[in-house]
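Novice: Chains as they are written, first to last, in the working numbering: chain U, 9 to 279; chain B, -15 to 374.
Here a beta-carbon is modelled for each residue, glycine too, at the ideal position from N, C-alpha and C.
Questions regarding the structure given below will be posed in turn.
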Amino acid sequence: MSMDRRQFLKIAGLSTIGIGAGWILSRPGEFLEASQFLQTKEFLKAKQWAMVVDMRKFKTEEDYKKVIDACHKIHNVPDFGNPKDEIKWIWSDTFEHAFPGQESEFMPEQMKHKPFVLLCNHCENPPCVRVCPTKATFKRKDGITMQDPHRCIGCRYCMAACPFGARSFNYRDPKPAIKEPNPEYPTRMIGVVEKCTFCEERLAKGQMPACVEASNGALAFGDISDPNSEVRKILNANYTIRRKAELGTRPSVYYILDIPTSVVSGGESNA
Amino acid sequence: MLEKALVGSKRYWTWIFFLLGVVGIGFITYLQQFKLGLGITGLSRDVSWGLYIGQFTFLVGVAASAVMLVIPYYLHDFKKFSKIVILGEFLAVSAVTMCILFIFVDMGQPMRIMNVMLHPTPNSVMFWDSVVLGGYLGLNIIIGWATLHADKKGTMPAAWVKPLIYLSIPWAVSIHTVTAFLYAGLPGRHFWLSAIMAARFLASAFAGGPALLIILALIVRKFTKFDPGKEAIQAIGKIVTYAMIANVFFLLLEIFTAAYSTIPGHTHPFKYLYFGLEGHARLVPLMWTSSILAIVSLVLLIFPAIRRNESMLALACISLFVSLWIDKGFGLIIGGFVPNMFEKVTEYWPTLPETIITISVWAVGFLVLTILYKVAVSVREETAGVELEH
């Protein structure tokens, strides 16, 4: 069989496209997770990690500060001192900002302006994972919404997609803005997105997330798919709300409201 | 054929070197951004997309608009577009080039941009956007080059060109639909979460792109011996008129839904853009400029007697282009981020380096456009008077 140059190039070109397409299509959708390689005896397992924030137990400024500092210190979260470049994994904001549309003019002042502890909701149906063009943000088998800062291209589509404003971008080099670097945890680089990871590095060692540990019982953490977990027991016994649940992202962070006792008991204070 | 871009008048070379100078300044500024990060732009935690992504969105529309020439000429055999259709195709090439560059300069880690292809993610609209844009660039380069080459030789284009031309029609619609889907499917961004987004994108594209083409055709006619045809320009003027009416109508539909429902999430971005919110009103003058220019352009376009006057048509096209550039290249993106997810207002305004980089990406686009148009015009000047059908 003879073949001229034109035919040869045609066949060679089509074969290359075919092989390329085949390679892309044959890539498995399920990847092994890094965490599966370093599993130890202590490794805490879950189907969907979740958190309950008990707002009744946040009373003083110190209660918030110790939780936020615990996280930001160990995770080398930089502080640029300006809101434009701000990076935060866990922070506080008022009820009307945390739950926009839920506030009313006549709700108790102490509740309207009470700061709520905010962090990534580790949604069961996360829009940030859906939009990421490189799978740099992904859902782990234990329900943690995780990101790989080495794959992130910094397109910030996830920031546009997250309804909770949970994501921060490294607009500048973070390293000079870290006051006391923690050598145990990696720093990030310029141009990538980051957020709360539910302390997956601590869960791997059998420890609770840093904020939970520092919260003195104000934050509860556990597997929401396990009916006997602490979080499920709390959810059974208390009325809780989630941020923007109507959007269908299924947030895994629940809030117990701090309703003034005088309101509950119809005007009489029994505190 | 590319050698035709290497011979030109003094004016041609002055223009080329002027553009190269602008590109050079932009490149040096980009190196600064590359080193220091996107912190040198006006972008923030709350407004994380701005001028770059706005320009990208706007230019996808300009690119898609080539289809407004391809459909009449190739599907309806509208002969008057025979000379101008190549200008539309090459405008698309230039516009997609700018789109790719705007995405590139917007990346936090641009050296990893190939991760989008190395880790293909079908659930991400951005993945599909890069696929359709790359494909559209290829289609227009091949089609434009093949038809021009055939013209040069005085022959019909090869038989394989026709199917590619037909393919380019739905493909053009797809690039702007997918770009609209980048925005229209995000929970919590009420301003963008609208089913009419893709339709509105297409309407504004089919108004803005051809308006730019009319301006370019008039410039080409003024400075070269190549005449794209008076009737062709008038026919595009009609296309621009209908598309702009549709675009303004779609915008009014959005405003009705927001204003009549009075749902805060829907009304707040409009309030911010047109009246200011909580004392923040940085975009208000711009948005009203856009509205006034839109009305001016419609008045000039709707009355045939005015539209037939080419200077008035040019004025209408310039007003329309600037109006849409503000509305889509700026307001549409910022409105999606203000107020933010906490119903708080953080304003955005581009910085000087960001503006320089933006202008220089446009300069790259004009450079590509000038070179391609130079080739097309040179070929057409040679074959002037020889009418060909393909």
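Would you kindly report the start and end of the unbroken beta strand (DSSP E) that includes B/I220?
Specialist: Taking the first residue of the second sequence as position 1, residue 220 of chain B is located at position 236. Careful: B/I220 lies outside any beta strand (DSSP E), inside the alpha helix (DSSP H) at 214 to 245.
Novice: Nearest by alpha-carbon distance to B/V54: which of B/E73, B/F42, B/I37, B/T41 is it?
Specialist: The count along the second sequence starts at 1 and reaches residue 54 of chain B at position 70. If we check each option's Cα against that of B/V54, B/E73 comes out closest.
Novice: Under a three-way DSSP split, which group does B/D113 fall into?
Specialist: Position 129 of the second sequence, counted from the start, is the residue given in the question as residue 113 of chain B. Helix at B/D113.
Novice: Can you tell me where the alpha helix (DSSP H) holding B/Y406 begins and where it ends?
Specialist: Because chain B spans -15 through 374 in this model, residue 406 of chain B falls outside it and cannot be assessed.
Novice: Return the chain-ordered list of same chain residues with a C-beta closer than 8 Å to the C-beta of B/G192, the five sequence neighbours on each side being excluded.
Specialist: Mapped onto the second sequence, residue 192 of chain B falls at position 208. Result list for B/G192: F42, G45, V46, S49, L304, F305, L308, W309, K312, in chain order.
Novice: Just checking my contact of U/Y263 with U/V61 at CB under 8 Å: how many whole Å lie between their CB atoms?
Specialist: Locating residue 263 of chain U in the first sequence gives position 255, where the first residue counts as 1. Locating residue 61 of chain U in the first sequence gives position 53, where the first residue counts as 1. With a Cβ gap of about 5 Å, U/Y263 and U/V61 count as contacting.
Novice: Under 8 Å between C-beta atoms, does U/V61 make it to chain B?
Specialist: For the purposes of this step, residue 61 of chain U is taken as the residue at position 53 of the first sequence. So no, U/V61 is outside the interface.
Novice: Can you pull the chain U neighbours of B/K214, defined as C-beta to C-beta under 8 Å?
Specialist: The count along the second sequence starts at 1 and reaches residue 214 of chain B at position 230. Result: empty, since nearest Cβ-Cβ is about 43 Å, beyond 8 Å.
Novice: Determine the DSSP secondary structure at U/S277, reduced to helix, strand or coil.
Specialist: As a first step, residue 277 of chain U is located in the first sequence; it is residue number 269 there, counting from the start. Bear in mind that the predicted position of U/S277 carries a pLDDT of just 44, short of 50, making it unreliable; the figure below should be weighed with that in mind. In this structure, U/S277 counts as coil in the three-state DSSP scheme.
Novice: Please go through the same chain and pick out, in chain order, the residues whose beta-carbon is closer than 6 Å to the beta-carbon of U/R175, but skip the five residues on each side of it.
Specialist: Along the first sequence, one-based indexing puts residue 175 of chain U at 167. Cβ within range, chain order: C166, M167, V201, K203.
Novice: Buried or exposed for B/T225, going by 16 or more other Cβ atoms inside 10 Å?
Specialist: To locate residue 225 of chain B, count along the second sequence from 1; it is residue 241. With 16 or more other Cβ atoms within 10 Å, it is buried.
Novice: Between U/R180 and B/L20, what straight-line distance do the alpha-carbon atoms span, to the nearest angstrom?
Specialist: Residue numbering aside, residue 180 of chain U sits at position 172 when the first sequence is read from its first letter. Residue numbering aside, residue 20 of chain B sits at position 36 when the second sequence is read from its first letter. Taking the straight line from one Cα to the other gives about 6 Å.
Novice: To the nearest angstrom, how far is it from the Cα of B/L3 to the Cα of B/L(-10)?
Specialist: As a first step, residue 3 of chain B must be located in the second sequence, where it is residue number 19. As a first step, residue -10 of chain B must be located in the second sequence, where it is residue number 6. In a straight line, the C-alpha of B/L3 is about 15 Å away from that of B/L(-10).
Novice: If we define contact as Cβ-Cβ less than 8 Å, is U/V139 a contact residue for chain B?
Specialist: Locating residue 139 of chain U in the first sequence gives position 131, counting from the first residue. Output row for U/V139: interface = yes.
Novice: Taking the CB atoms as reference points, tell me whether B/F321 and U/P108 lie closer together than 8 Å.
Specialist: As a working note, residue 321 of chain B is residue 337 in the second sequence. As a working note, residue 108 of chain U is residue 100 in the first sequence. Cβ distance not < 8 Å, so B/F321 and U/P108 don't count as in contact.
Novice: Just the Cα atoms here: how many angstroms apart are B/H252 and B/G(-8)?
Specialist: Along the second sequence, one-based indexing puts residue 252 of chain B at 268. Along the second sequence, one-based indexing puts residue -8 of chain B at 8. Cα to Cα, B/H252 sits roughly 53 Å from B/G(-8).
Novice: Rounded C-beta distance between U/P157 and U/P135? I'm assuming under 8 Å.
Specialist: Here residue 157 of chain U refers to the residue found at position 149 when the first sequence is read from its first residue. Here residue 135 of chain U refers to the residue found at position 127 when the first sequence is read from its first residue. Not confirmed; about 20 Å, so no contact.
Novice: Name the one or two DSSP bridge partners that B/Q16 has.
Specialist: Taking the first residue of the second sequence as 1, we reach residue 16 of chain B at position 32. Answer by DSSP bridge pairing: none, since B/Q16 is not bridged.
Novice: Looking only at its own chain, which residues have a Cβ that is under 7 Å from the Cβ of U/F66, when we skip the five neighbours before and after it?
Specialist: Walking along the first sequence from the start, residue 66 of chain U turns up at place 58. Contacts found: Y72, V125, A226.
Novice: Where DSSP assigns a beta bridge to U/Y263, which residues make up the other side?
Specialist: By one-based count along the first sequence, residue 263 of chain U stands at place 255. Looking at the DSSP assignment, U/Y263 forms a beta bridge with U/V61, U/I249.
Novice: Please decide whether B/H174 counts as near chain U, where near means a Cβ-Cβ distance under 8 Å.
Specialist: Translated into the one-based positions of the second sequence, residue 174 of chain B becomes position 190. Judged by the 8 Å Cβ criterion, B/H174 is not in contact with chain U.
Novice: Between U/C79 and U/A169, what straight-line distance do the alpha-carbon atoms span, to the nearest angstrom?
Specialist: Start at 1 with the first residue of the first sequence, and residue 79 of chain U comes out as number 71. Start at 1 with the first residue of the first sequence, and residue 169 of chain U comes out as number 161. When rounded, the distance between both Cα atoms is 24 Å.
Novice: Taking C-beta to C-beta, are B/L123 and B/H160 nearer than 8 Å?
Specialist: Here residue 123 of chain B corresponds to residue number 139 of the second sequence, with the count starting at 1. Here residue 160 of chain B corresponds to residue number 176 of the second sequence, with the count starting at 1. No, the pair does not count as a contact, with Cβ atoms beyond the cut-off.
Novice: Looking at the strands, I want to know which residues DSSP matches up with U/E202.
Specialist: In the first sequence, counting from the first residue as 1, residue 202 of chain U sits at position 194. Paired residues: U/S176.
Novice: When the Cα of B/F165 is compared with those of B/S178, B/I198, B/S66, which residue comes out closest?
Specialist: Locating residue 165 of chain B in the second sequence gives position 181, where the first residue counts as 1. Among B/S178, B/I198, B/S66, the Cα nearest to that of B/F165 is on B/S178.
Novice: How is U/E80 classed by DSSP in three states: helix, strand or coil?
Specialist: The sequence position of residue 80 of chain U within the first sequence is 72, counting from 1. Checking the displayed sequence, the identity of residue 80 of chain U turns out to be His instead of Glu. The answer is helix: DSSP assigns U/H80 an H, G or I state.
Novice: Would you say B/L235 and B/R173 are within 8 Å of each other, going by their C-beta atoms?
Specialist: By 1-based counting over the second sequence, the position of residue 235 of chain B is 251. By 1-based counting over the second sequence, the position of residue 173 of chain B is 189. No, Cβ-Cβ distance for B/L235 and B/R173 is not below 8 Å.
Novice: Whose Cβ in chain B lies nearer than 8 Å to the Cβ of U/T257?
Specialist: For the purposes of this step, residue 257 of chain U is identified with residue 249 of the first sequence, where counting begins at 1. Ordered by position in chain B, the residues that pass the 8 Å Cβ test against U/T257 are P171.
Novice: Return the Cβ separation of B/R29 and U/E94 in integer angstroms, given the expectation that the two are a contact with Cβ distance under 8 Å.
Specialist: The residue labelled residue 29 of chain B in the question sits at position 45 within the second sequence. The residue labelled residue 94 of chain U in the question sits at position 86 within the first sequence. Sure, about 5 Å apart at Cβ, within 8 Å.
Novice: Looking at chain B, is there any beta carbon in it that lies within less than 8 Å of the beta carbon of U/F103?
Specialist: Here residue 103 of chain U corresponds to residue number 95 of the first sequence, with the count starting at 1. With 8 Å as the cut-off, U/F103 does not count as an interface residue toward chain B.
Novice: Per DSSP, U/W99 forms a beta bridge with which residues?
Specialist: By one-based count along the first sequence, residue 99 of chain U stands at place 91. According to DSSP, U/W99 bridges with U/L126.
Novice: Taking the DSSP output, what are the residues bridged to U/T145?
Specialist: As a first step, residue 145 of chain U must be located in the first sequence, where it is residue number 137. Per DSSP, U/Q155.
Novice: In whole angstroms, what separates the C-alpha of B/A300 from that of B/P194?
Specialist: Counting from 1 along the second sequence, the entry for residue 300 of chain B is found at position 316. Counting from 1 along the second sequence, the entry for residue 194 of chain B is found at position 210. About 12 Å.
Novice: Quick check on the DSSP output: the alpha helix (DSSP H) that includes B/L356 runs from which residue to which?
Specialist: Translated into the one-based positions of the second sequence, residue 356 of chain B becomes position 372. Per DSSP, B/L356 belongs to the alpha helix (DSSP H) from 336 to 366.
Novice: Using a Cβ-Cβ distance cut-off of 8 Å, determine whether B/F326 contacts chain U.
Specialist: Numbered from 1 along the second sequence, position 342 holds the residue referred to as residue 326 of chain B. Answer yes: the Cβ-Cβ gap between B/F326 and chain U drops below 8 Å somewhere.
Novice: To the nearest angstrom, report how far apart B/W(-3) and B/T339 are at their CA atoms.
Specialist: The residue given as residue -3 of chain B occupies position 13 in the second sequence. The residue given as residue 339 of chain B occupies position 355 in the second sequence. If I take the Cα positions, the gap works out to 25 Å.
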